[in-house]
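Okay, so here's the structure we're looking at.
In my numbering, the protein residues as written are 12 to 735.
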C-alpha cells in the first residue's frame, strides 16, 4: 500500500521557527514522495477503500460497510442504513425495509434521561434481540430439515441448546419457547445448569431432550434420575467410566429406568484454535476400550437396553466440513458397532463445533472463520451418518447437535462509548530550546527532505531521538529540550508521509468483564462504530478500557489489523458537551457474560431486550435492567456496603464538624454533613463506570448532578435517610 500525504503548513505551530523551516514544511502545493508501507491486512479491498484519495469528500454508507466488512460477517442480520447507522434485520433475509431497527435510536432511547423520554440506563449496554435468536434457531432447524428431506434420511433432527453458552434466564426460556414446535431441548453440564434446564423444559416439548453432560457425582445423577421421573426426556451421558456404577446403583434404589449415553473420545481432531479440545488427548470422553467395558457392565446388569445415545465433540469452531464429515463418519462407525453389540441405540449427538464467521472471510485458514454455512454443515452431517448406516444396514438414528455458539452469538450486541482519545495538539516549539548538536542535525534533516532522501531522513530521525533520549536519561538534557526534539521529529515524519500515528481511544468499558475471551483466548470479534458510517473515518486507533491494567486494551481486530478505522471525537473529551461516539461489538452472545468477572470491581453492563414492532421506530424495549451498582459489585467480594456507609458517615461527623472549619454555625454544618452523607450513599448506588458530566450540570450546595433525574432524586425530602 502506498500512502501519500500533502505536506501540512506547520510553521504556525512553532514559536521561533528554525532556518529553512518554511521551506521544509510550507511549500505550497508540494507533495512528499510516496513512501511504501507494508500492511498486515488481508482485506485488500477494504484497505484500498480506506486509503483512497484522502482529499475526496464523498463517502457513502456502502463504503463503510465494505471497510468494516459488515456485509460479510453481518449477513443477514446487520447492515448500514442510508443515515450511516447500523441497522438490525431481526428476521434475517426475510426482514422488510420498514422492520429494520436503527441501533443508534435504540441506544438513545435506552440512555437518554427519563425526563426526556429515555430509560436513563448507563453504558456499557448489552442489546439482546430475541427476534434474531428465534430466527437463528429456526434457520438451524430448517437447514437440517432440508438436508434430511433432500437425502432421503429416514429419521429427523432435534437439537439441544448447551446452556453454558449463555445461561441468561430470558435467553434459555426464549430458546425453549421458540424451539418447542420442533422438540428443541437443552444440555446441562453442572448441577445448577441441570436445575435450570429442568425448570425451563417443564414448559417445553415433552419430546425435547435433556442431555446431562459433565462430571457427575451422586447428587447430579440423582437429580437427573428425578428429572426422568418428572417425565422429562433425560439422558445421562457418561463422561467417565466410573459414573456408570453410580447410575446403576442409584437408578435401582430410586426405581427409575435411566436412559444412558456415552461420550466417545474420537481420533479425529481439527487444527483450528479450539482443536486441542478434541482427539485422543481431549478432556472428556471414553476410549473404545472403556466403551466396551460399559457395554459389558450394562449387559451384566441387564440394562443394555438403557444405552441409547452416542455423543462426541470434534472441537469448537470446526473450520471446514471435510473435518466434520471425517469425525461424524468415525462416530457413526462406533454407533453402528454399539447397535451390533445389542444396545438399543436411538440418537447420535454430534456435540458442538458449528462455527461462526467472525471476520467474514469464509476461510478455513482463519481461527475465527469457517468455510461453510448452516446448510453445508447440516448436509455434511446427514451425508456422513447416512452413508455409514446404509453400509452397515443400520436404522438411521435421530440427529442431535449442541450448537450453542451458532444459536446465540448474533442476538447480542455490546455497545460502549469512546470517552477520549490520545490525540494531542501539536506542541508550540521553541527552536532555541533545542540542544546545539540537535540544531545541526535538524539542518541535515531539512536538506534530506528537500533533496528527496526520505529513507535517509527516517534513519536520521530515529538516531536523533535515540541520542537525545540517552542524554535525557543521563541528565544532560532537560525536559523542554527533549520535547522540542520530539516535536521536530514528529513534524518531519508526518511531513514526508511516513507517520500517521495510531491513536488510543479510551472506552468506557472493562475488557475483562465484557470481552474476556479477547484477553484470555485471543478471540476476535467485529467491532464497528454504530453511527457516522456516512462519514470517512479519519484516523486509526486501538481501544483502551478504563481498568487499571495494562492488558485492558484491544489492539487486534478482524482482518489481521492492529488498529481500527475511527472517526474524530467531537468536542471536549470527557465533558458533558462532547458529542457521543458509540462502538458496537458484534457476535459476542456466547460465553462472554458467563466468563466475565469483576476485575477492578467493574460489574457487567446494563441489559435491554429489544423486539421488532410496528411502532414509529420499528422497535420496542420489552425489558431493561441497569448494570450492577458499586454496592452490588462490592457485595460480590464479600463487602457489606451498609456497614461501609455507616463507617464513612461517622467519619464525616468526626472530621467535618464545626471545630474543623472557620465559618458557619452548627446548623450550616449539619446541612453540609447531611449533603456529604447523601453523596456517599449515592456513590454506593451509582454505576462503577464513568458518567459523562460537566460542571455546567445542576449544582446543589457544591454537589453536581449530570441531569435533572439525579438532581430530583437527591433533593427529595428524606432522600438522604432513604439512601442510607
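The beta-carbon is built from N, C-alpha and C at its ideal position, and this holds for glycine as well.
Hey, out of the options, whose CA is closest to residue i's CA?
{"i": "residue 96", "options": "432, 539, 336", "result": "539"}
{"i": "residue 166", "options": "533, 396, 71, 526", "result": "396"}
{"i": "residue 430", "options": "322, 138, 517", "result": "517"}
{"i": "residue 351", "options": "117, 319, 323", "result": "319"}
{"i": "residue 530", "options": "494, 603, 335, 598", "result": "603"}
{"i": "residue 273", "options": "239, 250, 421, 459", "result": "250"}
{"i": "residue 342", "options": "618, 210, 77, 276", "result": "276"}
{"i": "residue 619", "options": "116, 137, 71, 76", "result": "137"}
{"i": "residue 254", "options": "113, 264, 229", "result": "229"}
{"i": "residue 400", "options": "562, 581, 356", "result": "356"}
{"i": "residue 78", "options": "629, 577, 639, 614", "result": "577"}
{"i": "residue 497", "options": "480, 487, 262", "result": "480"}
{"i": "residue 417", "options": "470, 362, 425", "result": "362"}
{"i": "residue 625", "options": "106, 74, 69", "result": "106"}
{"i": "residue 420", "options": "74, 86, 76", "result": "86"}
I think residue i touches residue j, with their Cβ atoms under 8 angstroms apart; what is that distance to the nearest whole Å?
{"i": "residue 414", "j": "residue 170", "result": "6 angstroms"}
{"i": "residue 612", "j": "residue 427", "result": "Contact doesn't hold; Cβ gap of about 18 angstroms is too wide."}
{"i": "residue 154", "j": "residue 522", "result": "Not confirmed; about 34 angstroms, so no contact."}
{"i": "residue 270", "j": "residue 246", "result": "5 angstroms"}
{"i": "residue 381", "j": "residue 158", "result": "That belief does not hold up - the Cβ atoms of residue 381 and residue 158 are roughly 17 angstroms apart, past 8 angstroms."}
{"i": "residue 375", "j": "residue 330", "result": "4 angstroms"}
{"i": "residue 623", "j": "residue 110", "result": "5 angstroms"}
{"i": "residue 642", "j": "residue 652", "result": "4 angstroms"}
{"i": "residue 463", "j": "residue 515", "result": "Contact doesn't hold; Cβ gap of about 33 angstroms is too wide."}
{"i": "residue 513", "j": "residue 574", "result": "5 angstroms"}
{"i": "residue 638", "j": "residue 615", "result": "6 angstroms"}
{"i": "residue 99", "j": "residue 112", "result": "4 angstroms"}
Would you decide whether residue i is buried or exposed? Buried here means 16 or more other CB atoms lie within 10 Å of its CB.
{"i": "residue 307", "result": "exposed"}
{"i": "residue 108", "result": "exposed"}
{"i": "residue 698", "result": "buried"}
{"i": "residue 666", "result": "exposed"}
{"i": "residue 49", "result": "Model confidence at residue 49 stands at a pLDDT of 32, short of 50, so the residue's coordinates are unreliable and nothing is read from them."}
{"i": "residue 524", "result": "buried"}
{"i": "residue 565", "result": "buried"}
{"i": "residue 242", "result": "exposed"}
{"i": "residue 226", "result": "exposed"}
{"i": "residue 324", "result": "buried"}
{"i": "residue 128", "result": "exposed"}
{"i": "residue 72", "result": "buried"}
{"i": "residue 160", "result": "exposed"}
{"i": "residue 559", "result": "exposed"}
Within a Cβ cutoff of 7 angstroms, which residues of the same chain sit near residue i, ignoring the five residues on either side of it in sequence?
{"i": "residue 219", "result": "194, 195, 196, 212, 244"}
{"i": "residue 500", "result": "472, 475, 476"}
{"i": "residue 208", "result": "174, 197, 199, 221"}
{"i": "residue 81", "result": "89, 90, 91, 539"}
{"i": "residue 368", "result": "84, 380, 381"}
{"i": "residue 346", "result": "321, 356, 359, 408"}
Along the chain, where does the beta strand (DSSP E) containing residue i start, and where does it finish?
{"i": "residue 623", "result": "617 to 623"}
{"i": "residue 155", "result": "It is not in any beta strand (DSSP E) - residue 155 instead sits in the alpha helix (DSSP H) that spans 141 to 161."}
{"i": "residue 81", "result": "Here residue 81 belongs to no beta strand (DSSP E); instead the alpha helix (DSSP H) covers 81 to 84."}
{"i": "residue 570", "result": "That residue, residue 570, is in no beta strand (DSSP E); it is neither H nor E in DSSP."}
{"i": "residue 319", "result": "318 to 322"}
{"i": "residue 199", "result": "196 to 199"}
{"i": "residue 515", "result": "514 to 518"}
{"i": "residue 555", "result": "550 to 555"}
{"i": "residue 540", "result": "538 to 540"}
{"i": "residue 173", "result": "171 to 173"}
{"i": "residue 428", "result": "423 to 432"}
{"i": "residue 360", "result": "358 to 360"}
{"i": "residue 634", "result": "630 to 636"}
{"i": "residue 493", "result": "No beta strand (DSSP E) holds residue 493; the alpha helix (DSSP H) holding it covers 490 to 506."}
In the DSSP assignment, find the unbroken alpha helix (DSSP H) run with residue i in it and report its ends.
{"i": "residue 528", "result": "527 to 532"}
{"i": "residue 69", "result": "Unbroken run through residue 69: none, as it is neither H nor E."}
{"i": "residue 369", "result": "From DSSP, residue 369 is part of no alpha helix (DSSP H); its letter is neither H nor E."}
{"i": "residue 451", "result": "447 to 461"}
Which same chain residues end up closer than 6 angstroms to residue i when comparing Cβ atoms and leaving out the 5 residues on each side of it in sequence?
{"i": "residue 584", "result": "Here residue 584 scores only 46 on pLDDT, less than 50, and its place in the model should not be relied on; the value that follows carries that caveat. So the list reads 431, once near-sequence residues are dropped."}
{"i": "residue 298", "result": "276"}
{"i": "residue 580", "result": "432, 592"}
{"i": "residue 696", "result": "640"}
Under 7 angstroms from any heavy atom of the ligand PLP, does the C-beta of residue i make it?
{"i": "residue 387", "result": "Absent from the structure shown: the ligand PLP. Ligands present: none."}
Just to confirm my understanding: we take residue i, look at its own chain, exclude 5 residues before and 5 after, and list those with CB closer than 8 angstroms. What are they?
{"i": "residue 490", "result": "483"}
{"i": "residue 150", "result": "103, 385"}
{"i": "residue 70", "result": "545, 546, 547"}
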